Structure formats: structure tokens, C-alpha cells
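Notes to accompany the following structure.
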Amino acid sequence: MRSTSRLQPYLVLLAVLEENSYRCHNCGRYRHTDMSTKNMQDGLIRTSTTRKPLLQAPELIEVSKADEPLYRRLIDAAKAAAERAYRPYSNYNVGAAALTFDGTIYTGCNVENCGYTQTKHAEEGAIQAAIADGVLQRAEAAGLTQFQAFLAIAVHAPKGSDPWPCCNCRQSLSEFGFETHVIGEGKNGQILCLTLGQLIPFPFPIAEVLESVRGQR
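Per my numbering, residue 6 is the first one in the sequence shown, and the count goes up by one each step.
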């Protein structure tokens, strides 16, 4: 059995995490970075580590008046999906709603698992539902690529401070393009909007992987 003295560094680390971090809205793990609406407004992401680096946050996109009603519907769909989440281990609801090129909305919610790594994230669920319903085939028939199949995705976590997907989901979403709008509701009810490319500027390079598959690299 470990002595208390050997456990002390881990207990201190846990206390620091609990005080200075918040939980990922998808998996319940601690995040070191505070990307709250307040910090988005002053243009800085403030980390809670001892190094205290200041990173420049991406500039929010102003949603057009024409798109606002549709984006509100998308956010409402994500909110409804969040209420159906299965989250016995984190008590942290997350909902997502994906908007496809033909105006169809698909929803997903987090579905947790006692193995943790088997937990399914809301954003992944929404994208998978769309693909299972044939969105990629419909896009191809319309002369579009996989990178044009999804126009926007809304994310809602009632206990979260922002609507941005975790890094896992950002990489998953990047499989289908970087111009997709990622949206959610701010603390004052305003629509927050960024492109996926702003959220993951350096993803694992799908273009290079496809070139390798085709023997072009």
C-alpha cells in the first residue's frame, strides 16, 4: 500500500487542477485552458498553468441576419439533444446538431461508458447519424465533395462555459472540411460562431493521407 507521503504530489496536483481548471464538456476530463466568453471578448486565452502564457484567440464570426433564424433552430436542436444524454459518470450533458448542405439537421448527444475511452461524443453522434442517412451520397449526387456536405454544427453543454468541441471532435469534424461553422449560445444569448479551421488550424493532414493512399506521396 502506498504511503501518504508518496501520494502527496498527486493530491497536490489534483487540488491545483480542481482549483484552476474546468472539465471538458464532452468527456469530463480537466482542461487547463479557460476559453470562456469573457476571455474570448478580450481576445486572449488565459491558461492556468504556472507558465501563464497568453495565446491569441480567434476572432468570432458575425452571423448574418439571414442565417440567424436557422442557426437558432440548430442551437435549439442541440439543446434538445443534450437533454437526452446518457452521462452517469460525469453528470455532464452535451448535445450537438449538424446542418447539412441540403438543410437537413441531425442530432447527437454524449453516450458515456464505464470504460471511459468508449464514450461517444455528441458531435460524433450527429455526424455519424448524417452519414448513416446518406448525406455523403446525396452530396456526391449534387456534385459536392465530402468537404462540402456539412455547413454548420451547433454544440450545447448546459454546464459549460463555451460551445467549442474538444480536440478529439475537432479532428473528427476536420475529416469533412474546415469551413464548417461551429456555433453555440453565449452567456447573454448571443450566437458564438467560428469556423472549424479557426478551432483546429493544424489538424492531422487529411490531404497528405489521401495522397499517400493514392500512391501520390
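Note that CB positions come from ideal geometry on N, CA and C, so glycine has one too.
None of these values were measured; they are calculated from a predicted model.
Enclosing beta strand (DSSP E) for V187 [first to last residue]
186-190
From H186 to P168, what distance separates their C-alpha atoms?
12 angstroms
Below 8 angstroms CB to CB, which residues in the same chain sit around E216 once its five sequence neighbours on both sides are set aside?
R222
Buried or exposed by the 16-neighbour rule on C-beta atoms within 10 Å, applied to C119
exposed
Reduced DSSP category for V99 - H, G, I as helix; E, B as strand; rest coil:
coil
Just tell me which of T109, G189, V218 has its CA closest to the CA of D138.
T109
Compare the beta carbon distance of E128 and P170 with 8 angstroms and say whether it is the shorter of the two.
yes
Could you pull out every unbroken beta strand (DSSP E) segment of at least 3 residues lying fully inside the region 109-171, listed in chain order?
110-114, 155-161
Sort out for me which residues DSSP pairs C198 with in a bridge.
I188
Closest Cα partner of I136 within the set A162, L104, Q61
L104
Buried or exposed for N96, going by 16 or more other Cβ atoms inside 10 Å?
exposed
May I ask you to report which of helix, strand or coil DSSP gives Y94?
coil
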